[in-house]
Amino acid sequence: MAAMDLALTTSPDHVLALCGELIQRGGLESSLRGLGFGAVALLLQFAAANIAFKGQQQTRCCLLLLQSLLNTKEQWLLAHAQTAGELKPLIAKICQRVAFELEQIRRLARTEALVDALLAI
Numbered sequence: 001m002a003a004m005d006l007a008l009t010t011s012p013d014h015v016l017a018l019c020g021e022l023i024q025r026g027g028l029e030s031s032l033r034g035l036g037f038g039a040v041a042l043l044l045q046f047a048a049a050n051i052a053f054k055g056q057q058q059t060r061c062c063l064l065l066l067q068s069l070l071n072t073k074e075q076w077l078l079a080h081a082q083t084a085g086e087l088k089p090l091i092a093k094i095c096q097r098v099a100f101e102l103e104q105i106r107r108l109a110r111t112e113a114l115v116d117a118l119l120a121i
């Protein structure tokens, strides 16, 4: 937990490096358990800013971080719905970015199918 709190005060690269290390060691969820509202808000801001447009590895790491954060803090967010309401704009931004990424994947799949069809001629 202390490592995550410290990483949040540094650059996005440090947060991603820490997340990558925690994912590799299987300790990401346990590092998120004791975080308070401020740290959760910072992590959601980080995810909203880095979840797309930054490359495959960074997006993957952000998605795993977001998934772990929501899994770990789901009950807390439900229990503190009033406070968690302040996080809705961040969650909406994340949803928009994920929807954009999904649309890009669909377009790439259509393009791949067209190229495969042209090559088969």
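Quick note on numbering: the numbering used here labels position 13 of the sequence shown as 13, and the sequence is numbered without any gaps. The C-beta atom is built at its ideal place from N, Cα and C for all residues, glycine as well.
- Opening and closing residue of the alpha helix (DSSP H) in which residue 14 lies: Residue 14 -> alpha helix (DSSP H) spans 12-25.
- Would you kindly check if the distance between the Cβ of residue 65 and the Cβ of residue 47 is under 8 Å? Yes, they are a contact pair.
- Message: Using a 10 Å radius around the Cβ and a threshold of 16 neighbouring Cβ atoms, would you call residue 88 buried or exposed?
- Response: exposed
- Task: Inspect the beta-carbon positions of residue 16 and residue 4 and report whether they are closer than 8 Å.
- Result: no
- Message: What would DSSP say about residue 94, mapped onto helix, strand or coil?
- Response: helix
- Query: How many whole angstroms separate the CB atoms of residue 32 and residue 69, which I take to be in contact at a CB cut-off of 8 Å?
  - Reply: 6 Å
- First through last residue of the alpha helix (DSSP H) which encompasses residue 60: 56-79
- Query: Does DSSP classify residue 107 as helix, strand or coil?
  - Reply: helix
- Item | Sequence-distant residues of the same chain with beta carbon closer than 6 Å to residue 62, five excluded per side | Only residues of its own chain outside the window of five on either side were considered, and among them 47, 50 and 51 have a CB closer than 6 Å to the CB of residue 62, listed in chain order.
- Query: Taking C-alpha atoms, which residue in 93, 108, 41 and 20 lies nearest to residue 76?
  - Reply: 41
- Flag this pair as yes or no: are the beta carbons of residue 44 and residue 91 separated by less than 8 Å? In this structure, residue 91 lies closer than 8 Å to residue 44 by Cβ.
- Task: Would you tell me roughly how many angstroms separate the C-alpha atoms of residue 79 and residue 110, rounded to the nearest one?
- Result: Computed Cα separation, rounded: 43 Å.
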